[in-house]
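**Q** Dropping the structure in here first, questions after.
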Amino acid sequence: MVRSMMAQASLPVQYWGDALLTATYVLNRVPSKSVTSTPYELWTGRKPNLTYLRPWGCAGYVHDPSNKYGKLGARGKKCIFIRYSEHSKGYVLIGENSDRSVTEIESRDVNFLENEFPKRGEVDKDIRFYELDNLIEDSNLNTPLDVNVDLSGTSVPSGSEAPLEVNIDLPGTFVPSGSNDVVETTLLDLPSRRSNRGNVPRRRFEIEGEAFMVALHDADEPKNVNEALKSPDKEHWIKAMKEEMDSMKSNHVWDLVDLPPGRKAIGNKWVLRIKRKADGTVERHKARLVAKGYTQQEGIDYEETFSPVVRFASIRLILQSSHIWT
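The sequence shown begins at 1 in UniProt numbering and counts up one residue at a time.
Put into structure tokens, the structure is as follows:
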């Protein structure tokens, strides 16, 4: 989940801790298969409020009530959401200053742009609320409007009601002198003032078309002891199996007991693997002796099963509790 959040937000890896805190915050407020309710509801007895959750790494304008820019000055700054506040139902955002330094801002008054995920350095340093609607690309205004006003040779007597004739030449429009036709002009078709730039996914996370299938099993690894004793690496496999037996004896892996009547012992097998270095050369031969536990039958060889593991939901609950208490 954290990896996906950081890939979408395009933030530096130094913010992985904030992404982890946000992911934990969200997972504690959503149901899971292991519990019938959410961890938050089990701990507090109240249903979580999900209306204020926002996409991690999205842009937002933080309201600034200090009035330090004057009566008609700006009231907010564009920032990036990085985590939820630990002290109140607010948000923690980062804002870049004009000197390229970064400031963490904690606030509840935030206007979010949930579909915009700016990178560090792409947030305009001094952009304000009132400037958002004035951002128009200059490329759409490259065609100049040629307005020629010819006032030479025109005299208007004092007190005269004679109209002043002004000839205005618009591009692509010709108006004869003295014509009474009304010139119809069309407003410039300005583009949308909101950014329509989509979030471009990173290509390094996708599978290239030139990728090849690889064999996960080493071709030189024997499948059983008979193949190992017939292979050119026979001496290496014998040495590896002897090391495994010596290790089991020294660690007292088993105790020799009498087999109960009507029971049969569980079989075993050797798992033989070749460990290689990063350059592909052989590092060592490893042998493991394992029991065939899958041959046991429920109700005959065992009645109940026990697994020394803990639910992941319990781990999250303990971690969240320690985070609150500290």
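Ideal Cβ placement from N, Cα and C applies to all residues, glycine included.
Keep in mind that this is a model prediction, so the values were computed, not measured.
Can you tell me whether T38 is buried or exposed, with buried defined as 16 or more other CB within 10 angstroms of its CB?
**A** Flag for T38 reads buried.
**Q** Going straight from the alpha carbon of W237 to that of H285, what length do you get?
**A** Computed Cα separation, rounded: 6 Å.
**Q** Which residue's Cα is closest to the Cα of R54: E114, S98, E86?
**A** The candidate whose alpha carbon is nearest that of R54 is E114.
**Q** Are the Cβ atoms of Y84 and V110 separated by less than 8 Å?
**A** Going by C-beta atoms, Y84 is not nearer than 8 Å to V110.
**Q** Write down the C-beta distance between F81 and W43 rounded to the nearest angstrom, noting that I regard them as a contact closer than 8 Å.
**A** So it is not a contact: roughly 25 Å between Cβ atoms.
**Q** Can you list, in chain order, the stretches of the beta strand (DSSP E) that have 3 or more residues and sit fully within the UniProt domain "Reverse transcriptase Ty1/copia-type" (251-319)?
**A** Here the runs fully enclosed are 268-276, 282-291.
**Q** So, is N49 buried or exposed, given that buried needs 16 or more other C-beta atoms within 10 angstroms?
**A** Classification for N49: exposed.
**Q** Any chance the region 285-304 sits against the region 255-270, with 3 or more Cβ pairs inside 8 Å?
**A** The region 285-304 is in contact with the region 255-270.
**Q** What are the boundary residues of the beta strand (DSSP E) that includes L113?
**A** Counting along the chain, the beta strand (DSSP E) containing L113 begins and ends at 110-113.
**Q** Short of 7 Å in beta carbon distance, which residues of its chain neighbour L20, apart from the five on each side in sequence? Order them along the chain.
**A** The answer, listed in chain order, is V2.
**Q** With a cut-off of 8 Å, do at least 3 Cβ pairs link the region 310-319 to the region 22-33?
**A** At 8 Å Cβ cutoff, the stretches touch.
**Q** Tell me whether the beta-carbon of I266 lies closer than 8 Å to the beta-carbon of T305.
**A** Not in contact: I266 and T305 (Cβ atoms no closer than 8 Å).
**Q** Where does T11 sit, in a helix, a strand or coil, going by DSSP?
**A** Per the sequence shown, the amino acid found at residue 11 is Leu instead of Thr. Coil, per DSSP.
**Q** Since K77 and R108 are thought to touch, with beta carbons under 8 Å apart, how far apart are those beta carbons, to the nearest angstrom?
**A** Their Cβ separation, rounded to whole angstroms, is 15 Å, which puts K77 and R108 out of contact at 8 Å.
**Q** Can you give the Cα-Cα distance for K277 and H252, rounded to whole angstroms?
**A** C-alpha separation (whole angstroms): 31 Å.
**Q** In whole angstroms, what is the alpha-carbon distance linking R263 and E244?
**A** Cα to Cα, R263 sits roughly 27 Å from E244.
**Q** Distance cutoff 8 Å, beta carbons only. Does S231 sit that close to anything in chain D?
**A** Absent from the structure: chain D. Only one protein chain is present.
**Q** Could you check which residue in N97, H87, E86 has the C-alpha nearest to that of C79?
**A** Of the candidates N97, H87, E86, the one whose C-alpha sits nearest the C-alpha of C79 is N97.
**Q** CA-CA distance, A228 and S307?
**A** Each residue's alpha carbon lies about 34 Å from the other.
**Q** Would you tell me roughly how many angstroms separate the C-alpha atoms of D220 and K292, rounded to the nearest one?
**A** Cα to Cα, D220 sits roughly 24 Å from K292.
**Q** For M5, which of helix, strand or coil comes out of DSSP?
**A** Residue state, collapsed to three classes: helix.
**Q** Which residues share a DSSP beta bridge with T103?
**A** Per DSSP, G95.
**Q** Per DSSP, which one or two residues make a beta bridge with K78?
**A** DSSP lists Y61 as partners of K78.
**Q** Taking the beta carbon of L11 as the centre, do at least 16 other beta carbons fall within 10 Å, making it buried, or is it exposed?
**A** So L11 ends up on the buried side.
**Q** Let me know the secondary structure DSSP gives Y25 once reduced to three states.
**A** Helix, per DSSP.
**Q** Quick one: Cα of P118 to Cα of S247, how far?
**A** Taking the straight line joining both Cα atoms gives about 56 Å.
**Q** Tell me whether Y40 sits in a helix, a strand or coil according to DSSP, three-state version.
**A** Correct three-state label for Y40: helix.
**Q** Given this structure, state the Cα-to-Cα distance separating E104 from L93, to the nearest angstrom.
**A** Cα to Cα, the separation comes out at about 6 Å.
**Q** D255: buried (16+ other C-beta within 10 angstroms of its C-beta) or exposed?
**A** Answer is exposed; the Cβ neighbour count stays below 16.
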